[in-house]
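A.B. asks:
In the working numbering, the protein residues as written are 22 to 167.
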């Protein structure tokens, strides 16, 4: 089942702008490792699903995966070889608007090398520049100082 909203208030949306950095969704919240976007863009629903499949295939039902983006923006396209005018085209697919800093996927409950490999495989499926981030776990020396 492709990712898309069950219902929306408006059937078609304007393109908008991808300016600035992500103000929310930019820190690890659930898991210990995450895939963070470092470039702005649109993430289509098929790419989000492809990344999810790549991660779950590598983890083999170990650990937990959280998807932190949802495609709620409709993208329209006019049919091929149609003349200009006659209104806006029909909805062709759905995208998630991603700003730099946004966490796309989070993984928890697996070793670091396994999580890094799973996120690396997911990054290949995504059309944005990404990096793998790790939760800052303070070491014992740091805790003794406090």
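Ideal Cβ positions, reconstructed from N, Cα and C, are used throughout, including at glycine.
Treat the numbers as computed from the prediction; the structure is a model and nothing was measured.
#1: Going by DSSP, what residue range makes up the alpha helix (DSSP H) through residue 140?
#2: Looking at the secondary structure, which residues open and close the alpha helix (DSSP H) in which residue 62 lies?
#3: To which residues does DSSP link residue 125 through a beta bridge?
#4: Rounded to the nearest angstrom, what separates residue 127 and residue 94 at their Cα positions?
#5: Can you say whether residue 147 is buried or exposed, counting buried as having 16 or more other CB atoms within 10 angstroms of its CB?
#6: Starting from the Cα of residue 145, find the closest Cα among 33, 100, 74 and 45 and give me that residue.
#7: Is it buried or exposed, residue 23, if we count other Cβ atoms within 10 angstroms and call 16 or more buried?
#8: Expressed to the nearest angstrom, what Euclidean distance is found between the alpha-carbon atoms of residue 64 and residue 159?
#9: Are the stretch 130-141 and the stretch 113-120 in contact at 8 angstroms, needing three or more beta carbon pairs?
#10: Straight-line CA distance for residue 67 to residue 92?
#11: Could you tell me whether the Cβ atoms of residue 83 and residue 118 are closer together than 7 angstroms?
#12: In this structure, what does DSSP give as the bridge partners for residue 54?
#13: Which class does residue 48 belong to by DSSP, given the choice of helix, strand or coil?
#14: Between 28, 98, 31 and 49, which lies nearest to residue 152 when the distance is taken from Cα to Cα?
#15: So, helix, strand or coil for residue 97, using DSSP?
C.D. replies: Result, derived from the coordinates:
#1: Under the DSSP assignment, residue 140 falls in the alpha helix (DSSP H) whose first and last residues are 133-145.
#2: Judged by DSSP secondary structure, residue 62 falls outside any alpha helix (DSSP H) and instead within the beta strand (DSSP E) spanning 62-65.
#3: In the DSSP assignment, no residue is bridged to residue 125.
#4: Their Cα atoms are separated by approximately 22 angstroms.
#5: Counting the other CB atoms within 10 Å of its CB gives residue 147 a total of 16 or more, which places it among the buried residues.
#6: Looking at the Cα atoms, 74 is the closest of the given residues.
#7: Classification for residue 23: exposed.
#8: Cα to Cα, the separation comes out at about 33 angstroms.
#9: No contact exists between the stretch 130-141 and the stretch 113-120.
#10: Approximately 10 angstroms, taken between the alpha carbons.
#11: No; because the gap between Cβ atoms is not below 7 angstroms, this pair is not in contact.
#12: DSSP output for residue 54 lists 128 and 155 as bridge partner(s).
#13: Under the three-state reduction of DSSP, residue 48 is assigned to coil, being neither helix nor strand.
#14: Ranking 28, 98, 31 and 49 by Cα distance to residue 152 puts 49 first.
#15: DSSP places residue 97 in strand when its eight states are reduced to three.
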